[in-house]
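Okay, so here's the structure we're looking at.
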Amino acid sequence: MNIKDEHINNVCLLLDQLVGNVTFKNLFTGYGFFHKEETMFAIWQNKKLYLRGEDELAIQLSKLGCEPFTTNELNKRFVLSQYYALSDQVMRNNMLCRKLIILSIQQIRNQKLDRTLRKLNRLKDLPNLTIKHERALIKVGITDVAMLREIGAENALVELKKSGSGATLDFYWKLVCALQNKNSQFLSQSEKERLLKKLNEILRKNGLKGYRKLDDE
Numbered sequence: 421m422n423i424k425d426e427h428i429n430n431v432c433l434l435l436d437q438l439v440g441n442v443t444f445k446n447l448f449t450g451y452g453f454f455h456k457e458e459t460m461f462a463i464w465q466n467k468k469l470y471l472r473g474e475d476e477l478a479i480q481l482s483k484l485g486c487e488p489f490t491t492n493e494l495n496k497r498f499v500l501s502q503y504y505a506l507s508d509q510v511m512r513n514n515m516l517c518r519k520l521i522i523l524s525i526q527q528i529r530n531q532k533l534d535r536t537l538r539k540l541n542r543l544k545d546l547p548n549l550t551i552k553h554e555r556a557l558i559k560v561g562i563t564d565v566a567m568l569r570e571i572g573a574e575n576a577l578v579e580l581k582k583s584g585s586g587a588t589l590d591f592y593w594k595l596v597c598a599l600q601n602k603n604s605q606f607l608s609q610s611e612k613e614r615l616l617k618k619l620n621e622i623l624r625k626n627g628l629k630g631y632r633k634l635d636d637e
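Here's what the structure looks like:
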């Protein structure tokens with residue numbers, strides 16, 4: 421990816437071509453780039469594109485010659501250590517650049533989801549779940565959100581199925597989406613088929629009968 425024109429519209433257009441749905445906003449530290457108008461994944465400042473990355477992604481960026489954001493020329497006290505200036509090696513490789521941007525966006529979304537779920541404690545406070553679902557989960561020893569996150573939707577359904585406590589596919593969809601903080605009604609057919617395959621593998625490993633098809637309750 422070769423940025424010849426520092427004009428922000430051109431930079432935004434290039435990013436949009438790589439991952440789609442990219443917009444920008446003028447920030448006090450430069451320009452912020454957003455995916456789907458909600459996830460800020462990069463900053464444009466001083467003719468450099470800084471991508472946000474932490475942990476393993478930060479290590480990967482460093483190995484590719486991307487240096488961390490150190491100081492803001494307008495405000496020496498302002499530091500964004502989790503942002504890395506994309507090196508020429510990255511900028512010249514569209515596929516690599518796209519891969520890193522997608523990893524950054526996914527990482528940010530996962531962090532937001534983690535913070536959201538940590539604020540919740542009661543199971544019924546999760547999306548899709550009611551007091552009825554909460555009671556069924558408590559009966560099999562899953563008492564709060566932290567425990568559900570630890571055990572996962574598939575293993576939760578294993579426990580429900582073992583106890584005979586309403587282990588339906590609809591309950592499974594609700595559990596999966598609850599842990600993603602989204603409405604289960606928006607699950608697509610292909611997503612359900614993929615999840616069903618995953619669920620059946622775990623059910624059979626636990627000596628339980630799997631579901632033959634999506635409408636098999």
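The numbering used here runs 420 ahead of the 1-based position in the sequence shown.
Where is the CB? At the ideal position from N, CA and C, for every residue including glycine.
The structure presented is a predicted model; accordingly, all values stated were derived computationally and were not measured.
query	result
Mind checking which residues open and close the alpha helix (DSSP H) that includes G572?	V565 to S583
Three-state secondary structure (DSSP) at T490?	coil
Which term fits R632, buried or exposed, when burial requires 16 or more other beta carbons within 10 angstroms of its beta carbon?	exposed
Measuring alpha carbon to alpha carbon, tell me which of L435, G627 and K617 ends up nearest L520.	L435
Using beta-carbon positions only, say whether A576 and L557 come within less than 8 Å of one another.	yes
Assuming I551 and E579 are in contact, meaning their beta carbons sit under 8 Å apart, how far apart are those beta carbons, in whole angstroms?	With a Cβ gap of about 19 Å, I551 and E579 do not count as contacting.
Do you know how far the Cα of F606 is from the Cα of T443?	25 Å
What does the alpha-carbon distance come out to for the pair L516 and V510?	6 Å
If distances are taken between C-alpha atoms only, which option among V431, A505, S583 and I479 comes closest to Y470?	A505
What do you reckon, are the CB atoms on S501 and L484 nearer than 8 Å?	no
Just the Cα atoms here: how many angstroms apart are R542 and K594?	15 Å
One question on the structure: do W620 and L533 come within less than 8 Å of each other, judged by their Cβ atoms?	A small correction: the amino acid at residue 620 is Asn; Trp does not occupy that position in the sequence shown. No, these two residues do not count as a Cβ contact at 8 Å.
Out of curiosity, what's the CA-to-CA distance linking F454 and F461?	6 Å
Expressed to the nearest angstrom, what Euclidean distance is found between the alpha-carbon atoms of I522 and V431?	17 Å
Beta-carbon within less than 7 Å of S583's beta-carbon, same chain only, minus the 5 sequence neighbours each way: which residues are those?	K559 and V560
Note down, in chain order, each residue of its chain lying with its Cβ closer than 6 Å to the Cβ of I622, except the 5 sequence neighbours on either side.	E574
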